[in-house]
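Novice: Quick one: the structure is below, and I'll ask about it shortly.
Chains as they are written, first to last, in our numbering: chain A, 1 to 443; chain B, 1001 to 1238.
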């Protein structure tokens, strides 16, 4: 009796944002659509006049679009880490947050890869790599890895959603037809449960190497060229670490917003934020180590073209961005989250915001500072790159579309895996579990 | 077999840019105008780079015509996802314009920065449209283009020789840049023919391959005086 009341309470609180829609939703919708519309106009302008409306040039052939591409694909690593690794290691505290992370993965992958459309000189031929691939090209490896990752993460998002879809179907809320189709005849039997668990475990194992390969290959589109400070073996692991790092930050920001907006405070509690913060600190250390190793190697070798890139980062045109990145990706997260006293929800959100900005800047610095110092020295002063309004509008609308996708998802599906929370041991799902000591929750 | 190559005598180059103009006319390279140029979007299949050597009063300027070196192991060919750039059997690195989707990956892969992107639709202000060469296709916005070693002239020369049932004679085929050079600084020919002038120049002690240590295998050699060799002024890293 007690147990079923608890289950009912969980269902009600987690389905509220699906069944109830306030005026706030429509306001957000209009604002987001307005931003996207500006981006759409910018894109139409670019389609008409060519990439001359973006401020890329020779030798900076890649600009904000590639920066955003790498950034969003990086964010997409949130889902994999949180959900797959924590699922495999049986960390109970991840139960309420897996779906939030998996949605970030899918939406970020869609936003990231769509950057290719506005990056290409001829977007109408974007399908050509599929039918005439040239397999020596790292860009083809990218196409393969990202397609696989998108497919895998959609399946991985969908599988744990099935029991919740059946719940929505049985409750007879709006879009009943949609839920009926998507629930594929789930009746909650033992046999179905066993099969679902098996499928989820399989996907959790399968998705991890795919996720690692994705950002490795993204880095290889840079690292396989001879461009100074792109052509380095550290790029694969460096990008994967950076991706997971920024993914965790994005996840915590999403959780902080969602818990306020949809009243999910009980599910995204201090326990989750505390553990994710510890993960963020770990990744921050790893990231700082890789950054240091990369730059020290370049400096010690003192190769002419590499020094030009390095100097532009340390003391030249990119220095303000570079040092801001160091502060916001290492100094601030360490300063806030390494100490128990400041490792609060507010603290972790502040740190996450800085990490996201810093990691975006990291991608910007990597792409632009190297691109503007090619091997051909006479080109070093040829072009300077400052994003144009078209590129900025497109970037803004990408972020708006990211949020829009997320909001729409939240209106259609529960953001917390209801059946998984129900199955959790009481200390995790118990509403108002309260602050938990870090040492006692190391799962 | 033929492998087309070039030798450029830097000591003979006066920096007059006749080759640049000839290249533009021959290959329908659009005139971008001051605005695009100030934004770093000039299309110059062949450009003159300037190097200032020494300090006043012992100072001299050297000019270096820079064009695609048609690498033997071309980095641009490898990175193209759709094979829009390829190496022909006679050693030309060519761009297939209709196949290009404009990823610009080749432009970054090229260590010589001699690949050009059409940021906008090319245009010729009247009466310059009358100078358009009917032998060369006009490119359009969104694709890469680059030096072809004047492939249209090569093919015409080969056809001519075939018609006359003979081999192509050394020095018979000249790209526009070589033809227009008043000091004959540019020599073009078959690198596979050991008796050709260009092979002899490639074997010369004065010959140096650009960025040779990258292993790209350039087919354009630069000839310089002994005392100037290796003294390409290294620019201070900024």
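C-beta: ideal position from N, C-alpha, C; glycine also.
Any beta carbon from chain B within less than 9 Å of residue 62 (chain A)'s own beta carbon?
Specialist: For the purposes of this step, residue 62 (chain A) is taken as the residue at position 62 of the first chain. So yes, residue 62 (chain A) belongs to the interface.
Novice: Across which residues does DSSP place residue 1223 (chain B) in a beta bridge pair?
Specialist: Taking the second chain and counting its residues from 1, the one referred to as residue 1223 (chain B) is at position 223. DSSP output for residue 1223 (chain B) lists B:1009 and B:1207 as bridge partner(s).
Novice: Mind checking who residue 1063 (chain B) pairs with in its DSSP beta bridge?
Specialist: The residue labelled residue 1063 (chain B) in the question sits at position 63 within the second chain. B:1050, per the DSSP bridge assignment.
Novice: Report yes if the C-beta distance between residue 79 (chain A) and residue 101 (chain A) is below 9 Å; otherwise report no.
Specialist: Reading the first chain from its first residue, position 79 is the one you call residue 79 (chain A). Reading the first chain from its first residue, position 101 is the one you call residue 101 (chain A). For residue 79 (chain A) and residue 101 (chain A), yes; Cβs fall inside 9 Å.
Novice: Closest Cβ-Cβ distance between residue 1120 (chain B) and chain A: below 9 Å?
Specialist: Residue mapping note: residue 1120 (chain B) aligns to position 120 of the second chain, counting from 1. Yes - at least one Cβ of chain A is within 9 Å of the one on residue 1120 (chain B).
Novice: In the DSSP output, which residue or residues are listed as bridge partners for residue 1117 (chain B)?
Specialist: Residue 1117 (chain B) sits at position 117 when you count from the first residue of the second chain. Residue 1117 (chain B) is bridged to B:1144.
Novice: For residue 531 (chain A) and residue 2 (chain A), what's the separation of their Cα atoms in angstroms?
Specialist: Not covered by the structure: residue 531 (chain A). The range shown for chain A is 1 to 443.
Novice: Roughly how many whole angstroms lie between the Cα atoms of residue 1235 (chain B) and residue 1050 (chain B)?
Specialist: The residue you call residue 1235 (chain B) lines up with position 235 of the second chain. The residue you call residue 1050 (chain B) lines up with position 50 of the second chain. Residue confidence is low: residue 1235 (chain B) scores 46 on pLDDT, short of 50, so the model does not pin down where it sits. Its coordinate-derived value is still stated next. One C-alpha to the other measures close to 12 Å.
Novice: Does the Cβ-Cβ distance between residue 51 (chain A) and residue 1102 (chain B) come in under 9 Å?
Specialist: Here the question's residue 51 (chain A) lines up with position 51 in the first chain. Here the question's residue 1102 (chain B) lines up with position 102 in the second chain. Going by C-beta atoms, residue 51 (chain A) is nearer than 9 Å to residue 1102 (chain B).
Novice: Give the secondary structure of residue 1124 (chain B) by DSSP, where H, G and I count as helix, E and B as strand, and everything else as coil.
Specialist: Sequence index remark: in the second chain, residue 1124 (chain B) carries index 124 (1-based). Three-state result, residue 1124 (chain B): coil.
Novice: Between residue 244 (chain A) and residue 81 (chain A), how many whole angstroms is the CB-CB distance? I'm expecting something under 8 Å.
Specialist: Locating residue 244 (chain A) in the first chain gives position 244, counting from the first residue. Locating residue 81 (chain A) in the first chain gives position 81, counting from the first residue. Their Cβ separation, rounded to whole angstroms, is 5 Å, which keeps residue 244 (chain A) and residue 81 (chain A) in contact under 8 Å.
Novice: Tell whether a beta-carbon distance below 9 Å holds between residue 1143 (chain B) and residue 63 (chain A).
Specialist: In the second chain, the residue the question calls residue 1143 (chain B) occupies position 143. In the first chain, the residue the question calls residue 63 (chain A) occupies position 63. In this structure, residue 63 (chain A) does not lie closer than 9 Å to residue 1143 (chain B) by Cβ.
Novice: In whole angstroms, what separates the C-alpha of residue 347 (chain A) from that of residue 1046 (chain B)?
Specialist: Here residue 347 (chain A) refers to the residue found at position 347 of the first chain. Here residue 1046 (chain B) refers to the residue found at position 46 of the second chain. Cα to Cα, residue 347 (chain A) sits roughly 56 Å from residue 1046 (chain B).
Novice: So residue 32 (chain A) and residue 400 (chain A) are supposed to be a Cβ contact under 8 Å. How far apart are they, rounded?
Specialist: The residue given as residue 32 (chain A) occupies position 32 in the first chain. The residue given as residue 400 (chain A) occupies position 400 in the first chain. That pair is a contact at about 5 Å.
Novice: I'd like to know if the stretch 1073-1082 of chain B and the stretch 1098-1113 of chain B are in contact, where contact means that at least 3 CB-CB pairs between them fall below 8 Å.
Specialist: Cβ pair count under 8 Å is three or more, so yes.
Novice: Could you please give the first and the last residue of the uninterrupted beta strand (DSSP E) stretch that includes residue 1093 (chain B)?
Specialist: Locating residue 1093 (chain B) in the second chain gives position 93, where the first residue counts as 1. Counting along the chain, the beta strand (DSSP E) containing residue 1093 (chain B) begins and ends at 1093-1095.
Novice: Verify the CB distance criterion: does residue 376 (chain A) have a CB-CB separation below 9 Å to chain B?
Specialist: One-based indexing of the first chain puts residue 376 (chain A) at position 376. Answer yes: the Cβ-Cβ gap between residue 376 (chain A) and chain B drops below 9 Å somewhere.
Novice: Just to confirm my understanding: we take residue 337 (chain A), look at its own chain, exclude 5 residues before and 5 after, and list those with CB closer than 7 Å. What are they?
Specialist: Residue mapping note: residue 337 (chain A) aligns to position 337 of the first chain, counting from 1. 277, 280, 281, 343, 347, 348 and 351, listed in sequence order.
Novice: Nearest to residue 1176 (chain B) by CA position, among B:1210, B:1139 and B:1185, is which residue?
Specialist: The residue you call residue 1176 (chain B) lines up with position 176 of the second chain. Looking at the Cα atoms, B:1185 is the closest of the given residues.
Novice: I want to know whether the stretch 220-236 of chain A touches the stretch 82-102 of chain A - three or more CB-CB distances under 8 Å.
Specialist: At 8 Å Cβ cutoff, the stretches do not touch.
Novice: Using alpha carbons as the reference points, say which of A:47, A:182, A:113 and A:118 lies closest to residue 149 (chain A).
Specialist: As a position in the first chain, residue 149 (chain A) is number 149, starting the count at 1. Among A:47, A:182, A:113 and A:118, the Cα nearest to that of residue 149 (chain A) is on A:113.
Novice: Starting from residue 215 (chain A), find everything on chain B with Cβ-Cβ shorter than 9 Å and list it in chain order.
Specialist: Residue mapping note: residue 215 (chain A) aligns to position 215 of the first chain, counting from 1. Result: empty, since nearest Cβ-Cβ is about 18 Å, beyond 9 Å.
Novice: Determine which residues share a DSSP beta bridge with residue 1188 (chain B) and list them.
Specialist: Start at 1 with the first residue of the second chain, and residue 1188 (chain B) comes out as number 188. Paired residues: B:1006.
Novice: Below 9 Å between beta carbons: does that hold for residue 1223 (chain B) and residue 1072 (chain B)?
Specialist: For the purposes of this step, residue 1223 (chain B) is taken as residue 223 along the second chain, with counting starting at 1. For the purposes of this step, residue 1072 (chain B) is taken as residue 72 along the second chain, with counting starting at 1. Going by C-beta atoms, residue 1223 (chain B) is not nearer than 9 Å to residue 1072 (chain B).
Novice: Within the same chain, show all residues whose beta-carbon is closer than 8 Å to that of residue 1219 (chain B), passing over the 5 residues directly before and after it, in chain order.
Specialist: Here residue 1219 (chain B) refers to the residue found at position 219 of the second chain. Here the set comprises 1003, 1004, 1005, 1006, 1069, 1070, 1071, 1072, 1091 and 1191.
Novice: Could you name the residues of the same chain whose beta carbon sits closer than 7 Å to that of residue 1171 (chain B), not counting the 5 residues immediately before and after it, in chain order?
Specialist: Start at 1 with the first residue of the second chain, and residue 1171 (chain B) comes out as number 171. Cβ neighbours of residue 1171 (chain B) beyond the five flanking positions: 1189 and 1197.
Novice: Going by the CB atoms, is the gap between residue 17 (chain A) and residue 410 (chain A) shorter than 9 Å?
Specialist: Position 410 of the first chain, counting from 1, holds the residue named residue 410 (chain A). Position 17 of the first chain, counting from 1, holds the residue named residue 17 (chain A). A contact, by the Cβ cut-off of 9 Å.
Novice: Would you please state the rounded distance, in angstroms, between the beta carbons of residue 258 (chain A) and residue 415 (chain A)? I believe it to be under 8 Å.
Specialist: Residue mapping note: residue 258 (chain A) aligns to position 258 of the first chain, counting from 1. Residue mapping note: residue 415 (chain A) aligns to position 415 of the first chain, counting from 1. Sure, about 6 Å apart at Cβ, within 8 Å.
Novice: Is the distance from the Cβ of residue 1026 (chain B) to the Cβ of residue 1048 (chain B) below 9 Å?
Specialist: Translated into the one-based positions of the second chain, residue 1026 (chain B) becomes position 26. Translated into the one-based positions of the second chain, residue 1048 (chain B) becomes position 48. The answer is no: Cβ separation not under 9 Å.
Novice: Tell me the rounded alpha-carbon separation between residue 1146 (chain B) and residue 185 (chain A).
Specialist: Against the second chain, residue 1146 (chain B) aligns to sequence position 146. Against the first chain, residue 185 (chain A) aligns to sequence position 185. Cα to Cα, the separation comes out at about 59 Å.
Novice: Distance check for residue 223 (chain A) and residue 374 (chain A), CA to CA, integer angstroms please.
Specialist: Residue numbering aside, residue 374 (chain A) sits at position 374 when the first chain is read from its first letter. Residue numbering aside, residue 223 (chain A) sits at position 223 when the first chain is read from its first letter. Going by the C-alpha atoms only, they are around 13 Å apart.
Novice: At what residues does the beta strand (DSSP E) containing residue 1085 (chain B) begin and finish?
Specialist: Position 85 of the second chain, counting from 1, holds the residue named residue 1085 (chain B). Here the beta strand (DSSP E) through residue 1085 (chain B) covers 1085-1087.
Novice: Jot down the residue ranges of each uninterrupted alpha helix (DSSP H) in the stretch 125-158 of chain A, minimum 4 residues, whole runs only, in chain order.
Specialist: Segments of the alpha helix (DSSP H) lying fully in the stretch 125-158 of chain A: 128-131 and 138-158.
Novice: Is any beta-carbon of chain A found at less than 9 Å from that of residue 1108 (chain B)?
Specialist: Stepping through the second chain from its first residue, residue 1108 (chain B) is reached at position 108. Judged by the 9 Å Cβ criterion, residue 1108 (chain B) is in contact with chain A.
Novice: Please state whether the Cβ-Cβ distance between residue 324 (chain A) and residue 314 (chain A) is less than 9 Å.
Specialist: Indexing the first chain from 1 puts residue 324 (chain A) at position 324. Indexing the first chain from 1 puts residue 314 (chain A) at position 314. It is not a contact, given that the beta carbons lie outside the stated cut-off.
Novice: Is residue 160 (chain A) near residue 196 (chain A), with beta carbons less than 9 Å apart?
Specialist: Within the first chain, residue 160 (chain A) is the residue found at index 160, counting from 1. Within the first chain, residue 196 (chain A) is the residue found at index 196, counting from 1. Taking 9 Å as the Cβ cut-off, residue 160 (chain A) and residue 196 (chain A) qualify as a contacting pair.
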